[in-house]
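**Q** Before anything else, here's the structure in question.
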Amino acid sequence: MAVAIEVRNLTKKFKKGKRFRKGEVIAVDSVSFQIQEGELFGLLGPNGAGKTTLVRCLANLLIANEGEIEIFGKSVSKDPLFIRHQLGLTTGGERTLYWKLSGRDNLSFFAALYGLYGKEKEKRIDYLMDLLGLKDVENERVERYSSGMRQKISLARALLHDPKILLLDEPTLGLDPQFSRFIRGFIKDELNHKGGKTILLTTHYMDEADELCVRIGFINRGKIVEVNTPSGFKREIPHKEVLEVRYLGTINPTSVERMSGIEKTSISSKDGVSHLKVITPRGEDILADLIELLRKEVKILSIDLKEPTLEDVFIYITGRGLGEQYEERSEDNMGGVQEEP
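Laid out in structure tokens, this is it:
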């Protein structure tokens, strides 16, 4: 099977600080990996880990400081026109759309940029509108679309020129469960299985990566720390259990980490509720001591004992949870042509 994407020692740095303060952030740090033609490959990592920056380097929207990217054996930096015809890109669904235009007018505008005109353009737009279930709203302004419909239009825009490779950066971010299921099914069944597209998917949703991807690369602080299949990752922490505690309040993580029988811990928050994950050989052996420790500091809402998931493997390997964001790294925001509604 041919190699569709090859990345070798890629590094991207950004300057940071105020006018008279110097410094830099390494957003992507000596990354190397390959994606085979027809593969659905995932990059799984927290917000701020370098996923979006890496995707933009692949799409030639950002120029890397070091390293090389090849698409079907051709250099992204040396043959950009060829590369752009091979790639379709989505970045969250809203950054590359004109909100004051209708969905159909958006596609018509971008089709012209890809060299599609006349009957060929109209036929392609009709096909994508039907495929994504947007025919009924094709003449409405994008500003009136729901987030899910904007994401569908963003996918349609990426598919206009029928590219061989799709770069999908957080394609279900901010979508409700119904639209997320649709987008996931469309990516796996329609684009990958039926269409034979090579797909690079970035996400911080563990379930999404587990459901869709043949192989996954864990990205942490700009580095890909390991690549494996979902089942292969889960085998890396055999005979381990995960205690997940939901609570209100603040705990001292060091006091938990010092308990015997605990291998890794991670704390994240969502909707005002904190989540503590503890990886341990036997959850039952430490449960009573953990409850006694936490009751002194927080209000416990629930405790669950589970089998390890991909997120637990990520914690085991990196020491960080997927719900944690790296404050010291800020992935660049290129903006786009979005108009505020």
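Note that the working numbering numbers the sequence shown so that position 231 is 217, with each residue one more than the last.
Here a beta-carbon is modelled for each residue, glycine too, at the ideal position from N, C-alpha and C.
#1: Going by DSSP in three states, F58 sits in which element: helix, strand or coil?
#2: For the beta strand (DSSP E) containing A(-10), list its first residue and its last residue.
#3: Looking at the secondary structure, which residues open and close the alpha helix (DSSP H) in which F165 lies?
#4: Relative to the alpha-carbon of A13, which residue among T(-3), S217, I21 has its alpha-carbon at the smallest distance?
#5: Should V407 go down as buried or exposed, given a rule of 16 or more other Cβ atoms within 10 Å for buried?
#6: Under a Cβ-count criterion, where at least 16 other Cβ atoms within 10 Å of its own Cβ denotes burial, should N319 be classed as buried or exposed?
#7: Put N51 into one of helix, strand or coil per three-state DSSP.
#8: Helix, strand or coil for Y233? Go by DSSP, reduced to three states.
#9: I'd like to check one pair, L234 with K285: are the Cβ atoms closer than 9 Å?
#10: Which of the three DSSP states, helix, strand or coil, is assigned to H190?
#11: Quick one, which of P149, G28, L93, G101 has its alpha-carbon nearest E126's?
#12: Between R136 and V123, how many whole angstroms is the CB-CB distance? I'm expecting something under 8 Å.
#13: Which residues mark the beginning and the end of the alpha helix (DSSP H) in which K109 is found?
#14: Using only the alpha-carbon positions, how far apart do V323 and L83 sit?
#15: Which residue comes first and which comes last in the alpha helix (DSSP H) that contains I139?
#16: Can you tell which of T158, I173, L177 has its C-alpha closest to the C-alpha of T189?
#17: Does DSSP classify R70 as helix, strand or coil?
#18: Work out the CA separation of I272 and Q22 for me, nearest whole Å.
#19: Since L155 contacts T77 with CB under 8 Å, what's their CB separation in whole angstroms?
#20: Report the three-state DSSP secondary structure of Y100 (helix, strand or coil).
#21: Going along the chain, which residues of its own chain have a beta-carbon closer than 8 Å to the beta-carbon of G305, five neighbours each way excluded?
#22: Taking the alpha-carbon positions, what's the L177 to K183 distance?
#23: Using the DSSP secondary-structure output, state which residues sit across from N214 in a beta bridge.
#24: Do I57 and I69 have their C-beta atoms within less than 9 Å of each other?
#25: Taking just the CA atoms, how far does V264 sit from E283?
#26: Run through the DSSP bridge pairs and tell me what S288 is partnered with.
#27: Can you round the beta-carbon distance between F219 and G31 to whole angstroms, since I take them to be within the 8 Å contact cut?
#28: On the DSSP letters alone, give me the boundaries of the beta strand (DSSP E) that D275 sits inside.
#29: Distance check for L161 and G134, CA to CA, integer angstroms please.
#30: Please report how far the alpha carbon of I248 lies from the alpha carbon of L276, in whole angstroms.
#31: A45 by DSSP, collapsed to three states: which one?
**A** Well, looking at it:
#1: The answer is coil: DSSP assigns F58 none of H, G, I, E or B.
#2: -11 to 1
#3: 163 to 171
#4: T(-3)
#5: Past the edges of the chain, shown from -13 to 327, lies residue 407, and the structure says nothing about it.
#6: Low confidence applies here, because N319 scores a pLDDT of 42, under 50, leaving its location unreliable and the question unanswered by this model.
#7: coil
#8: If DSSP states are grouped into helix, strand and coil, Y233 belongs with the strands.
#9: yes
#10: Collapsing the DSSP output to three states places H190 in coil.
#11: L93
#12: Not quite, the Cβ-Cβ distance comes to about 11 Å (not below 8 Å), so this is no contact.
#13: 104 to 117
#14: Residue placement at V323 cannot be trusted, given a pLDDT of 39 that sits under 50; what the coordinates show is reported in the next sentence. Cα-Cα distance, rounded: 6 Å.
#15: 133 to 145
#16: Selected option, being the one with the closest Cα: T158.
#17: DSSP, reduced to helix, strand and coil, places R70 within a helical segment of the structure shown.
#18: If you take the alpha carbons of Q22 and I272, they lie about 44 Å apart.
#19: Strictly speaking, residue 155 in this sequence is Asp, with Leu absent from that position. Sure, about 5 Å apart at Cβ, within 8 Å.
#20: coil
#21: For G305, where only same-chain residues beyond five positions count, the Cβ hits under 8 Å are K250, S252.
#22: 6 Å
#23: As computed with DSSP, N214 is found in a beta bridge with I202.
#24: yes
#25: 17 Å
#26: Paired residues: R232.
#27: Incorrect: roughly 13 Å between the Cβ atoms, too far for contact.
#28: Element bounds for D275: not the beta strand (DSSP E) but the alpha helix (DSSP H), 269 to 281.
#29: 6 Å
#30: 10 Å
#31: coil
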